[in-house]
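Comments concern the structure below.
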Amino acid sequence: MSLIGTKKTLNFHKYSLKATEIMSNWKLFLPIIFTFAGIISGCFGGKGEGKLYLKITDYFTTVILTRDITSIGSEFLIYLIFPAVFLIVIFFLGLSVFGALITNVMPLIYGYIIGCISFFLYNEYTLKGLGYCIIMIFPYGTLCLLAIVLCCRESINMSEYIMKSISKTTKFPNYGFAVYYKSFFRNLIFIVGASALKTILEYLFGGLFAF
1 MSLIGTKKTL NFHKYSLKAT EIMSNWKLFL PIIFTFAGII SGCFGGKGEG
51 KLYLKITDYF TTVILTRDIT SIGSEFLIYL IFPAVFLIVI FFLGLSVFGA
101 LITNVMPLIY GYIIGCISFF LYNEYTLKGL GYCIIMIFPY GTLCLLAIVL
151 CCRESINMSE YIMKSISKTT KFPNYGFAVY YKSFFRNLIF IVGASALKTI
201 LEYLFGGLFA F
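Letter by letter, the sequence shown follows residues 1 to 211 of my numbering.
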């Protein structure tokens, strides 16, 4: 009986450690949750055809779907600018004392835009639109999301570092501005890779999606 009790206690301790590990990664999970909340909101926004939804889809149609491709370089830059704007805003939020409180608004906005575009494509072009999402949007969007999530975590860390440095309550070992800058430059690899991938996919499969 005592052995059974010990085994159960050990199992409980094991699950307790896993739960603690998951909770310690909330800075990664929270941006993902906000992104999916944004995607759902974007789909509902599409059903209601609100002003913001119409502006996003009109811009997407004009700039991405119906424009003529001029060069590989310009194509790459167009796809790079979109996630780069998010990373720049997240970067500067991290340099604010209150950045940790509002950083996750960025993945929410990102998710909303992706949700609006996905709903628009499926609603207007059904299977063709769905195919475009699967081939063109989702691989690119996933890599961009990875960069945004990782940068959100660093932004929250930096904001907490500044706040606690001012209040002198807790010290962050092996952390500071240099670490923050380097982490953002590392995460730029993901959006560069995403933009390169989107450019390649556009040249390989763009002809299949003449809208």
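Glycine included, C-beta positions come from ideal geometry on N, C-alpha and C.
In summary, residue 181 is exposed, with fewer than 16 beta-carbon neighbours lying within 10 Å of its beta-carbon over all protein chains present. As the crow flies, the alpha-carbon of residue 129 is around 19 Å from that of residue 200.
Counting only residues of its own chain and dropping the five nearest sequence neighbours on each side, residue 163 has a CB closer than 7 Å to the CB of 97. An exposed status is given to residue 127, since fewer than 16 other beta-carbon atoms sit within 10 Å of its beta-carbon. DSSP, reduced to helix, strand and coil, places residue 75 within a helical segment of the structure shown. Rounded to the nearest whole angstrom, the C-alpha separation of residue 207 and residue 32 is 32 Å.
Residue 104 sits in coil when the DSSP states are folded into three classes, being neither helix nor strand. The Cβ neighbour count for residue 176, taken over all protein chains shown within 10 Å, is under 16; the residue is labelled exposed.
Taking 8 Å as the cut-off, the beta carbon of residue 165 is found no closer than this to the beta carbon of residue 99. For residue 149, the number of other beta carbons within 10 angstroms of its own is at least 16, and it is reported as buried.
If you ignore the 5 residues before and after residue 91, its C-beta comes within less than 8 Å of the C-beta of 151, 155, 184, all in its own chain and listed in chain order. For residue 147, the enclosing alpha helix (DSSP H) starts and ends at 138 to 167.
In the DSSP assignment, residue 35 falls within the unbroken alpha helix (DSSP H) covering 26 to 48.
DSSP, reduced to helix, strand and coil, places residue 183 within a helical segment of the structure shown.
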